[in-house]
């Protein structure tokens with residue numbers, strides 16, 4: 025039962041994958057687990073599907089853990105996935121969303137990297153693919169997307185933490201999502217969750233021009249961060265990636281936007297100012313709890329603004 | 122398993138564009154094995170930099186010589202990792 029699962033603790037990949045099965049068992053008519061591919065080291069890439077039925081509904085894509093060392097993000101993802109399952113039929117917003125849309129949630133987007141953080145190097149960020157001609161391992165899976173790929177906001181050096189990879193979608197972990205979203209055709213919202221600088225970002229990251237939907241995305245981000253702050257007063261900044269943080273080429277949300285997903289956001293979860301990527305597990309529940317209203321704001325907005 | 126004994130994370134405040142440039146140049150020195158947890162972007166935005174123990178002295182001198190202010194965000198990375206491991210083990214032992 026999920027009641028025996030400690031949401032306030034960090035977990036290994038095996039524990040998380042076992043928990044997914046328990047979640048599916050506990051909510052068989054709502055949650056299923058699908059495999060969208062395999063990682064470089066042949067680990068399954070699992071996605072939780074929340075659906076109340078109906079073929080080919082519009083959908084929401086959520087992902088956590090694309091950067092392996094950001095442990096707070098899969099931990100928040102687990103709490104959030106459980107919350108979605110538990111609130112269906114109770115919370116009017118969650119119920120309304122799932123009565124019309126499906127939610128796809130990839131809790132561990134970079135399982136090879138995540139497993140590596142548990143066994144060899146807690147601070148590993150990238151995938152675990154080898155790079156021809158270099159002794160350095162791995163590609164930054166958030167510089168590997170076909171959106172401004174290869175520009176100055178990423179690195180061509182395989183030893184860099186922001187190495188973009190040899191070509192766009194070279195990483196299986198990225199390609200699997202690309203194929204899934206393209207194949208689905210009705211994904212209306214993409215939210216990718218990271219840590220730790222308290223930001224809510226939207227496209228673009230690879231160019232300074234504002235997206236045509238800038239004003240709407242900005243207003244929505246403003247509301248989301250305001251509701252997020254209501255719980256513990258956590259202050260977020262928001263805006264386009266390039267204006268708010270830095271120029272970043274080849275990111276997932278830019279790819280999503282350029283491929284027809286109007287609502288594309290990237291969260292940078294809380295920073296206590298003391299721990300960075302090593303946020304203590306006591307912070308998991310507060311982080312997830314404060315993030316929930318913001319996620320819900322965005323999902324409800326997408327439900328109410330079909331396109 | 123890679124250990125991070127004595128590694129520190131420095132919280133750096135760059136107050137002008139020159140500082141930003143200097144921090145970028147610092148990060149390119151591969152022998153120092155630095156890892157930006159938060160990259161230098163623009164003046165006023167904090168930069169967090171993980172510095173391996175053997176590079177600490179050189180980095181701190183560099184910052185001080187160039188009048189770039191910093192504080193220590195994490196005193197010893199390995200101590201935090203040990204604590205994290207202990208907490209995970211304890212959580213597994215507890216019967217809920």
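Protein chains in written order, with this note's numbering: chain A, 25 to 331; chain B, 122 to 217. We put the CB at the ideal spot given by N, CA and C, even for glycine.
Item	Value
Run down chain A in chain order and give the residues with a C-beta less than 9 Å from the C-beta of residue 160 of chain B.	186, 269 and 270
At 7 Å on the CB atoms, spell out the chain A contacts of residue 152 of chain B, in chain order.	Residues of chain A passing the Cβ test: none, with the nearest at roughly 12 Å.
Is residue 171 of chain B helix, strand or coil by DSSP?	strand
Determine which residues share a DSSP beta bridge with residue 288 of chain A and list them.	A/214
If you follow the alpha helix (DSSP H) that residue 118 of chain A is in, where does it begin and where does it stop?	116-124
Is the distance from the Cβ of residue 187 of chain A to the Cβ of residue 203 of chain A below 8 Å?	no
Report the residues of the region 33-46 of chain A with a CB closer than 7 Å to any CB of chain B, ordered along the chain.	33 and 34
Taking the Cβ atom as the reference point for each residue, do residue 230 of chain A and residue 300 of chain A lie within a distance shorter than 8 Å?	no
Anything in chain B within Cβ reach of residue 302 of chain A, meaning under 8 Å, just list it in chain order.	195, 198, 201, 202 and 205
Mind checking residue 124 of chain B: buried by the 16 CB within 10 Å criterion, or exposed?	exposed
Below 8 Å, how does it come out for the region 74-93 of chain A and the region 112-126 of chain A: are there three or more Cβ pairs, yes or no?	yes
Beta-carbon separation of residue 306 of chain A and residue 217 of chain A under 8 Å?	no
Is the beta carbon of residue 293 of chain A closer than 8 Å to that of residue 313 of chain A?	no
Would residue 246 of chain A and residue 326 of chain A be called neighbours here (beta carbons separated by less than 8 Å)?	no
Can you confirm whether the region 226-240 of chain A touches the region 256-276 of chain A when touching is taken to mean that 3 or more C-beta pairs between the two stretches lie within less than 8 Å?	yes
Can you give me the C-alpha to C-alpha distance between residue 166 of chain A and residue 180 of chain A, rounded to a whole angstrom?	14 Å
Counting along the chain, where does the alpha helix (DSSP H) carrying residue 142 of chain A start and finish?	135-143
Which residues does DSSP list as the beta-bridge partners of residue 156 of chain B?	B/171
Report, in whole angstroms, the separation of the C-beta atoms of residue 267 of chain A and residue 318 of chain A, which I expect to be a contact under 8 Å.	Contact flag wrong, Cβ pair sits at about 19 Å.
May I ask whether a heavy atom of the ligand ZN can be found less than 7 Å away from the beta carbon of residue 270 of chain A?	The ligand content of the structure shown is nil, which means the ligand ZN is not present either.
Take residue 63 of chain A as the anchor and find which of A/86, A/201 and A/170 has the nearest alpha-carbon.	A/201
Could you tell me the alpha carbon to alpha carbon distance between residue 72 of chain A and residue 214 of chain B, rounded to whole angstroms?	28 Å
Compare the C-beta of residue 305 of chain A with all C-beta atoms of chain B and state if any pair is closer than 8 Å.	yes
Going by other Cβ atoms of all chains shown within 10 Å of its Cβ, with 16 needed for buried, is residue 297 of chain A buried or exposed?	exposed
By Cβ distance, which residues of its chain are closer than 7 Å to residue 256 of chain A, with the 5 residues on each side in sequence left out?	310 and 314
Output needed for residue 174 of chain B: all residues of its chain with C-beta closer than 6 Å, excluding positions within five of it in sequence on either side, in chain order.	127 and 128
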